[in-house]
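The numbering used here applies: residue 54 is where the sequence shown begins, and numbers increase by one.
Cβ atoms here follow ideal geometry from the backbone N, Cα and C, with glycine treated the same way.
Note that the structure is a prediction, hence the values are computed from the model and not measured.
Here is the structure we will look at, set down as structure tokens.
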Amino acid sequence: MSPTSSCPLCLRITRDSDCLVGDLGTVFRRCAHCQLIFRTEPDYPEAEDEKARYLEHKNSADDRGYVDFLLRPYHFAQKHWDLPGPMLDYGCGYAPVFTQLMRDRGHRCDGYDPFFFPEGIQRETYPTIFCIETAEHFHAARTEWRHLLELMAPGGYLTVTTDFWRDLDEFPQWYYQKDPTHVSFYHLDTLKFIAGEFQRELLHTDGHRLALFYRPN
Numbered sequence: 054m055s056p057t058s059s060c061p062l063c064l065r066i067t068r069d070s071d072c073l074v075g076d077l078g079t080v081f082r083r084c085a086h087c088q089l090i091f092r093t094e095p096d097y098p099e100a101e102d103e104k105a106r107y108l109e110h111k112n113s114a115d116d117r118g119y120v121d122f123l124l125r126p127y128h129f130a131q132k133h134w135d136l137p138g139p140m141l142d143y144g145c146g147y148a149p150v151f152t153q154l155m156r157d158r159g160h161r162c163d164g165y166d167p168f169f170f171p172e173g174i175q176r177e178t179y180p181t182i183f184c185i186e187t188a189e190h191f192h193a194a195r196t197e198w199r200h201l202l203e204l205m206a207p208g209g210y211l212t213v214t215t216d217f218w219r220d221l222d223e224f225p226q227w228y229y230q231k232d233p234t235h236v237s238f239y240h241l242d243t244l245k246f247i248a249g250e251f252q253r254e255l256l257h258t259d260g261h262r263l264a265l266f267y268r269p270n
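Structural data, given as structure tokens:
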């Protein structure tokens, strides 16, 4: 096993006894404090390899299944508030389909991606933010979550989608850990930790993939 390693989210030291080995041989660590499971830094993908992997994604507005998948967090969010604009699509990828879907529905929406649209953030804060299938790619999880949550306007909402891990015994065979660009894996307790640590409220989750955060005034 590798030496003790600090959790990139809560910064606590993890133990060798909390290591998990995926079915592809990758060693992951679980933080007993915040329940984040993470790849260690030697297993992070190089930036160019990571970018190339994203460019392999077939993201198209002509793919009905993909569009339906992207609209799930939008419909989830609509159940809870009126989606005031402007919006931010945080982690929009090289083909910002969700950004365009929001614009097509009459919303003002900016698209940000550190690889493809690094200048996409146009405001200091946003009342409505979507972070869709992005948080699992956070390397410096604490820094990146802080950045994301600070973009929430007071009284604003953030909808996050990322597949939550639920069973340690199933993790080594879980499809989500097989993607080399997935480095951070969240339990429901991890999301509760994030809300408390950064003074946000975790209003709703579906217990599986969707989470809604609120920033009090």
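A straight line joining the alpha-carbon of residue 263 with that of residue 212 spans about 7 Å. In the displayed model, residue 193 falls within coil according to three-state DSSP, outside both helix and strand. Between the segment 228-242 and the segment 81-94 there are three or more inter-stretch CB-CB distances shorter than 8 Å, so the stretches are counted as touching. Here DSSP, grouped into helix, strand and coil, assigns residue 129 to helix. One alpha carbon belongs to residue 118, the other to residue 64, and they sit about 38 Å apart. The beta carbon of residue 108 sits closer than 8 Å to those of 147, all from its chain and outside the five residues before and after it, given in chain order. A residue is called buried when at least 16 other Cβ atoms come within 10 angstroms of its Cβ; residue 74 does not meet this threshold and is exposed.
Between the beta-carbon of residue 164 and that of residue 173 there is about 5 Å, and that keeps the pair under the 8 Å contact cut. DSSP places residue 264 inside the beta strand (DSSP E), whose first and last residues are 263-267. Per DSSP, the beta bridge partners of residue 184 are 213.
Annotated as proximal: residue 186 and residue 214, with beta-carbon spacing under 8 Å.
For residue 78, no alpha helix (DSSP H) encloses it, and the DSSP letter there is neither H nor E. Assignment of residue 208 by DSSP, reduced to helix, strand and coil, places it in the strand class. In the three-state scheme derived from DSSP, where H, G and I count as helix and E and B as strand, residue 150 is classed as helix.
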